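Single-structure report; data block below.
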Amino acid sequence: MARLIFLGPPGAGKGTQAKLLAELLQVPHISTGDILRSALKAKTPLGQKAQAYMNAGELVPDDLILDLIRDRLNQQDANQGWILDGFPRNVSQASFLDTLLQELNQTCDFAINLEVPDEVLMARLLERAQKEGRSDDNEDTIRRRLEVYHNQTEPIIGFYRDRSVLTAINGDQPVESVTEYLKQLVCS
Ligand code: AP5
Ligand code: MG
8 MARLIFLGPP GAGKGTQAKL LAELLQVPHI STGDILRSAL KAKTPLGQKA QAYMNAGELV
68 PDDLILDLIR DRLNQQDANQ GWILDGFPRN VSQASFLDTL LQELNQTCDF AINLEVPDEV
128 LMARLLERAQ KEGRSDDNED TIRRRLEVYH NQTEPIIGFY RDRSVLTAIN GDQPVESVTE
188 YLKQLVCS
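Going by this note's numbering, the sequence shown opens with residue 8, and the numbers climb by one from there.
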């Protein structure tokens with residue numbers, strides 16, 4: 008059983024590591040970014056409402072995100088653990104999650120903050136733009152995503168430090184080294 012939250016700026020490797028760890032631990036990998044991108048592709052009402060915010064590098068409003076997380080964590084497969092990637096992303100999402108977990112009688116075991124300097128993040132995301140063509144991987148939008156991260160997401164690090172579940176990891180090292188560290192952390 009493991010319940011983990013991946014914190015960290017855009018391009019830090021949240022998705023990369025969350026996917027590997029979810030396979031290892033056999034728990035669902037819940038990425039709000041992936042859910043929103045699928046909704047966008049399928050042109051659902053959620054996708055249509057979220058699109059402009061995502062393309063601008065802004066957070067999608069909480070009223071579109073919170074119900075989605077409540078529904079997802081209430082699904083059967085999330086009973087035995089989960090890995091959250093990209094949620095929570097501001098103080099109100101963090102306190103919503105706190106209350107939701109109390110209702111579900113669950114606690115978060117680890118909040119993992121992947122630390123990577125902004126210039127490395129910019130380089131990684133510009134490189135990904137060549138390969139994957141994500142519409143928010145262009146220089147202006149990446150810059151805005153980084154600002155939004157520093158202004159709105161970074162403040163929740165203290166929230167998890169206060170609850171003694173925070174672990175900071177240097178994410179500016181090879182993928183395999185970060186994975187190895189994480190395996191030791193969650194499996195020990
Ligand atoms: P989201 O999809 O969450 O994107 P993000 O946080 O901007 O971060 P990324 O997914 O780009 O990076 P990542 O940390 O997952 O890194 P990855 O492993 O991919 O959010 C997108 C948008 O959706 C938001 O801007 C917002 O609009 C909306 N949204 C999502 N959640 C929301 C929420 N809760 N509330 C409101 N709005 C929300 O790696 C990046 C690249 O680097 C890859 O190419 C990878 O191969 C490479 N890489 C990874 N690790 C390493 C390494 N160690 N060394 C070298 N390269 C590496
Ligand atoms: Mg991601």
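Every residue gets a Cβ at the ideal spot worked out from N, C-alpha and C, and that includes glycine. Note that this is a predicted model, so its numbers are computed, not measured.
Comparing alpha-carbon positions, the option among K56, Q109, Q113 lying closest to Q87 turns out to be Q113.
Within 7 Å of the C-beta of K21 there is at least one heavy atom belonging to the ligand MG.
Secondary structure in the segment 91–175: the alpha helix (DSSP H) runs of 4 residues or longer, each lying completely within the stretch, are 98–111, 125–139, 146–155, 163–169 in chain order.
Going by DSSP, A46 is part of no beta strand (DSSP E) but of the alpha helix (DSSP H) stretching over 39–48. When Cβ pairs closer than 8 Å are counted between the two stretches, the segment 44–63 is seen not to touch the segment 24–33, the count staying below three.
Within the DSSP bridge table, the entry for A9 names G88 as partners.
Put simply, the backbone Cα of V193 is about 13 Å away from that of L173.
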